[in-house]
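Numbering (the UniProt record's numbering), first residue to last: 1 to 355.
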């Protein structure tokens with residue numbers, strides 16, 4: 001496996017590439033053209049400049065997270081093919097640049113959802129958290145305003161104001177789109193893009209829904225083992241795969257993540273590994289990566305990845321805010337560096353024990 005960290009780009013991320021380079025074992029960067037809107041074609045020059053910036057720092061681009069998908073594609077609107085054509089051009093340009101992994105999601109309207117971006121923990125750190133009771137008492141606009149107010153001035157990935165400034169229109173677009181229609185639209189999209197993925201060796205890795213249930217009545221279709229297996233069987237191409245995100249799948253305590261890993265052998269192209277703590281049904285917070293700090297057994301998760309022969313990029317996911325660091329919520333350097341070191345330690349121990 002290749003240890004990586006996410007980086008949003010100069011001008012968007014508080015963490016410098018030169019600092020990421022100093023984290024032991026981290027050799028790759030997961031990045032994007034932050035600010036590019038869904039449906040836009042990525043310019044060759046912008047891709048080349050991003051790649052050069054990362055490589056100048058002594059790192060490599062291990063994957064893109066994300067090339068965001070336009071809502072016309074998700075809803076199956078009449079103009080979806082125009083946006084899929086644009087997506088294909090972007091994939092071609094990424095392939096020509098030697099980039100072979102794209103993490104994406106197919107969540108309607110909202111990307112990941114949290115109700116608190118800085119919940120205080122007993123150890124004095126702060127972290128992102130979700131409380132279903134709060135969601136049940138507010139409307140989507142109130143939640144959007146709350147996220148923006150807590151973002152510390154950063155533009156949060158998946159919460160771009162250019163889209164969410166038209167929240168009412170977005171919800172209207174999804175009227176009549178249930179889970180089956182959303183799945184059909186995803187299948188249509190994947191069938192359209194698989195030829196270019198075959199040509200350039202690009203692995204598409206869908207990110208599970210976060211949280212793994214419906215929010216504000218919007219359908220969610222990739223939050224459990226059976227849903228993920230259905231998707232890879234529906235478009236049975238090795239380039240149609242999954243981002244194994246333990247934090248997203250772990251929002252549902254019924255998800256047996258090591259079992260999911262085993263079932264998805266050969267189709268996990270990317271892994272986000274983090275921990276979370278369940279406080280009560282529908283209430284969870286993101287913990288340190290250490291197994292005993294949360295509700296997930298990261299040893300068993302890493303062992304399952306090792307046992308299936310996983311050799312793709314992996315990254316520590318959302319970190320707590322610790323040691324006074326001010327950053328985009330979830331994406332400071334310090335706690336993610338601790339997480340990367342912990343994951344590397346688990347992998348090394350399992351690897352040596354297996355000899």
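Cβ atoms here follow ideal geometry from the backbone N, Cα and C, with glycine treated the same way.
In this structure, residue 221 sits away from residue 171, with a CB-CB distance that is not shorter than 8 Å. According to DSSP, residue 283 shares a beta bridge with 131, 280. When C-alpha distances from residue 145 are compared across 115, 174, 136, the shortest belongs to 115. Listed in chain order, the non-local C-beta contacts of residue 342 below 6 Å within the same chain comprise 289, local neighbours out to five positions each way being set aside. Where residue 47 is concerned, the enclosing alpha helix (DSSP H) starts and stops at 44-56. Taking the Cα of residue 198 as reference, the smallest distance to any Cα among 336, 241, 159, 278 is reached at 241.
Using a Cβ-Cβ distance cut-off of 8 Å, the stretch 122-131 and the stretch 223-239 are not in contact, since fewer than three pairs of beta carbons, one from each stretch, lie closer than that value. DSSP places residue 89 inside the alpha helix (DSSP H), whose first and last residues are 80-96.
Look at the stretch 94-178 and you find these whole runs of beta strand (DSSP E), each 3 residues long or longer: 101-104, 116-120, 126-131. Taking 8 Å as the upper bound for CB-CB distance, residue 206 and residue 84 are not in contact here, some 16 Å apart. When rounded, the separation of the alpha-carbon atoms in residue 185 and residue 73 is 7 Å. Residue 36 and residue 87 have their C-alpha atoms some 12 Å from each other. If you draw a straight line from the Cα of residue 79 to the Cα of residue 249, it comes to about 32 Å.
As computed with DSSP, residue 3 is found in a beta bridge with 26, 314.
Ranking 21, 161, 196, 30 by CA distance to the CA of residue 56 puts 21 first. Scanning its chain for C-beta atoms nearer than 6 Å, with the 5 sequence neighbours on each side dropped, one finds around residue 208 the residues 222, 223, 245, 248, 249, in chain order. The Cβ atoms of residue 301 and residue 350 do not sit closer than 8 Å to each other. The beta carbon of residue 180 is closer than 8 Å to none in its chain, skipping five residues each way along the sequence. Taking 8 Å as the cut-off, the beta carbon of residue 229 is found closer than this to the beta carbon of residue 263.
Judged by DSSP secondary structure, residue 77 falls outside any beta strand (DSSP E); it is assigned neither H nor E.
Residue 154 and residue 355 have their alpha carbons spaced roughly 46 Å apart.
Beta-carbon to beta-carbon, residue 75 and residue 174 are separated by about 6 Å, close enough to satisfy the 8 Å threshold.
Taking 8 Å as the cut-off, the beta carbon of residue 345 is found no closer than this to the beta carbon of residue 335.
Excluding five sequence positions before and after residue 267, the CB atoms of its chain that fall closer than 8 Å to its own CB belong to 232, 238, 240, 241, 242, given in chain order. With 16 or more other Cβ atoms inside 10 Å of its own Cβ, residue 5 counts as buried. Rounded to whole angstroms, the Cβ separation of residue 167 and residue 313 is 33 Å, and the two are not in contact under 8 Å.
Ranked by Cα distance from residue 177, the options 162, 210, 219 are led by 219. If you look at residue 271, you'll find it in the beta strand (DSSP E) that goes 268-273. Counting only runs that start and end inside the stretch 199-231, the beta strand (DSSP E) elements of at least 3 residues fall at 203-206.
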